[in-house]
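Participant: If you want my numbering, it's the position in the sequence shown, counting the first as 1, plus 2. Each residue gets a CB set at the ideal place from its N, CA and C atoms; glycine is no exception.
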Amino acid sequence: MAAGHEVYLGAYGYSKEFIERKGYKTVEIPPEIKLVGESGSLNLKRSIISTLKDGNIFAVFKVLSLLKEKKPDIVVSDSYFTGIVASKVRGIPVYLIVNQSNMETFFKEGGIALRTMGGVIKQFYNCIFRRVDRIIIPDFPMPYTVCRLNLAFEEEVSKSLFFSGPLTLEKFSDVKAEVLQKPHVLSLIGGFGYREPIFRKVIEVAKLDKNINYTLLSGPNLNPDVFSNLPENVTIEHFINDQFPYLKASDLVIAPGGHSTIMEALTFGVPVLSFPDMNHSEQESNAAVIELEGYGRRLDYNASPEEILRSIKELLENEKIHQKVETMKNLSEDLNATATFKELLESNSKISQKVR
C-alpha cells in the first residue's frame with residue numbers, strides 16, 4: 003500500500019473484523035478449517051467433523067467469482083489453499099506464505115481412517131507446492147529458522163523457497179513503548195475455549211509474586227468483568243488495538259506456540275514462555291525450537307502455578323537468553339522482511355510492468 007499498490011485482504015469472522023478495525027480493505031472469503039478442542043488440547047477428529055459440517059463445497063466458486071470481480075495482478079495466499087486453486091484456474095500468479103509443510107503430522111496419532119486422510123492431504127498440498135510461483139517462509143533463514151521442524155519439501159520444490167524473515171506489522175524502531183510497570187509480562191493466551199484454563203492459571207501465578215506485573219489479553223470471547231478480586235499486579239484487556247507498544251515495553255511474552263506471535267516476540271527481542279496447544283504438532287515443534295535455541299521455555303497446560311513462576315523468573319533474570327533474543331531482533335532488522343517481500347512481489351512480470 004505504501005508503494006501505491008491497491009491491496010485487498012481476504013478474511014472471515016473475527017479476523018475480518020480485526021483487519022477492518024485497522025482500516026484496511028477486506029473481502030469476505032469462505033473459511034477452510036475450524037479448530038475444536040478442550041482443556042488446552044486440539045481434537046483433530048472433532049475439528050474435521052466440525053469443518054465438514056460447516057463447510058461450503060462451493061467455496062472455490064466463491065473465490066473464483068471474487069477474483070473475476072477484483073482482477074488482481076497477483077495473489078498472496080497465507081496457507082489458504084482454496085485461494086491458490088482458484089488463482090491457478092484464473093491464471094493469476096500466486097505466492098504462498100507457509101510455515102508448515104508437513105501437515106500430515108496432525109493425523110499421525112489417529113486411526114487408520116485419519117492416517118489415510120493425512121496421506122491424501124499430503125498428496126494434495128505437495129501438488130499445490132509444485133504449482134505456486136513462489137513459496138515464502140516468513141521466518142529467519144537457516145539455521146535460525148524457528149519453524150524448521152515443520153518444514154519438509156520435495157527436492158524439486160526447494161528451489162522455490164524464499165526465507166523472508168519475520169513479516170511483522172510493525173518495526174521495533176517505529177514503535178513507541180507503552181508505559182508499564184516493570185518487570186512486565188505480556189500474556190497473549192486468550193481466555194477462550196480450550197485455552198481458558200491456562201489463562202486463569204496465569205492469574206494464579208501473578209498472586210504468588212506481586213513484584214512481577216502482568217497484562218493479559220482476554221480475547222473476544224471472554225469479558226474481563228467476570229473476574230473479581232484480581233491482584234493489583236494484573237491488568238486484563240478485552241482487546242488491544244495495537245499490541246506492539248505493549249510488546250516493546252514487556253520483558254517476557256506468554257503465548258501458545260503460534261508462529262506469528264513467536265516471530266513478533268523475537269523481532270522485538272522479548273523471550274517467550276510457550277504453552278503450545280496439546281496435540282497441535284505445529285505449535286509443539288515451534289515451542290521445542292524456542293527451548294532448544296534458548297529463546298525461552300516450553301511448558302504444558304499441566305504445569306503448576308509454582309512451576310510457571312519459576313520459569314518466568316528464570317526468563318526475566320537469565321542474561322544469556324536476553325542476549326540471544328536481542329541477536330534475533332538485530333537479525334530481523336537486517337533482513338527488513340516487509341521491504342524485501344514487496345520487492346519480490348514487484349519483480350513479478352505483471353506487477354513490474356505496472357510499476358514502470
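(1) Between which two residues does the alpha helix (DSSP H) holding T84 run?
(2) Hey, I2 and I191 are a contact pair by Cβ (cut 8 Å); roughly how many whole angstroms apart?
(3) Among P74, R202 and K64, whose alpha-carbon lies nearest the alpha-carbon of N231?
(4) On the DSSP bridge list, what partners appear for V29?
(5) Alpha carbon to alpha carbon, how far is F83 from S287?
(6) When burial is assigned at 16 or more other CB atoms within 10 Å of the CB, is N332 buried or exposed?
(7) Just to confirm, does L249 get its C-beta within under 6 Å of one of the non-hydrogen atoms of the ligand COA?
(8) Assess contact between the region 262-272 and the region 164-181, defined as three or more Cβ pairs (one per stretch) separated by less than 8 Å. Is contact present?
(9) Within the same chain, show all residues whose beta-carbon is closer than 8 Å to that of K212, passing over the 5 residues directly before and after it, in chain order.
(10) L11: which of V29, A5 and M3 sits nearest, CA to CA?
(11) Would you check if the distance between the CB atom of V159 and the CB atom of F142 is smaller than 7 Å?
(12) Express the C-alpha separation of D80 and F155 in angstroms, rounding to a whole number.
(13) Hey, out of Q245, G15 and N104, whose CA is closest to V181's CA?
(14) If we ignore side chains and look at the alpha-carbon of each, how far apart do M3 and S17 end up?
(15) Compute the Euclidean distance between the alpha carbons of K326 and N320, then round it to the nearest angstrom.
(16) Report the rounded CA-to-CA distance for I242 versus L301, giving the unit in angstroms.
(17) Hey, how far is the Cα of Q285 from the Cα of E19?
Facilitator: Reading from the atomic positions:
(1) As a first step, residue 84 is located in the sequence shown; it is residue number 82 there, counting from the start. F83 to R92 is the span of the alpha helix (DSSP H), which, as asked, contains T84.
(2) The requested residue 2 does not occur in the structure, where the chain is confined to residues 3 to 358.
(3) To locate residue 231, count along the sequence shown from 1; it is residue 229. For N231, the closest C-alpha among the options P74, R202 and K64 is that of R202.
(4) Looking up residue 29 in the sequence shown gives position 27. The partner list for V29 (beta bridge, DSSP) reads G12.
(5) Looking up residue 83 in the sequence shown gives position 81. Looking up residue 287 in the sequence shown gives position 285. Taking the straight line from one Cα to the other gives about 22 Å.
(6) Counted from its first residue, the sequence shown places residue 332 at position 330. Exposed, by the Cβ-count rule.
(7) The ligand COA is not among the ligands present in this structure, which contains no ligands whatsoever.
(8) Output reads yes: the region 164-181 touches the region 262-272.
(9) The sequence position of residue 212 within the sequence shown is 210, counting from 1. Closer than 8 Å at the Cβ level, and outside the excluded window around K212, lie P233, E234 and N235.
(10) For this step, residue 11 is matched to residue 9 along the sequence shown. Measuring from the Cα of L11, the nearest candidate turns out to be V29.
(11) As a working note, residue 159 is residue 157 in the sequence shown. As a working note, residue 142 is residue 140 in the sequence shown. Contact check for V159 against F142 fails: the beta carbons are separated by 7 Å or more.
(12) On the sequence shown, residue 155 is found 153 positions in, with the first residue counted as 1. On the sequence shown, residue 80 is found 78 positions in, with the first residue counted as 1. In this structure, the alpha-carbon of F155 lies about 17 Å from that of D80.
(13) As a first step, residue 181 must be located in the sequence shown, where it is residue number 179. That would be Q245, whose Cα lies nearest to the Cα of V181.
(14) Counted from its first residue, the sequence shown places residue 3 at position 1. Counted from its first residue, the sequence shown places residue 17 at position 15. So the alpha carbons of these two residues sit roughly 19 Å apart.
(15) The residue you call residue 326 lines up with position 324 of the sequence shown. The residue you call residue 320 lines up with position 318 of the sequence shown. Whole-angstrom Cα-Cα distance: 10 Å.
(16) Along the sequence shown, read from residue 1 onward, the residue named residue 242 stands at position 240. Along the sequence shown, read from residue 1 onward, the residue named residue 301 stands at position 299. One C-alpha to the other measures close to 25 Å.
(17) Here residue 285 refers to the residue found at position 283 when the sequence shown is read from its first residue. Here residue 19 refers to the residue found at position 17 when the sequence shown is read from its first residue. Roughly 25 Å between the two C-alpha positions.
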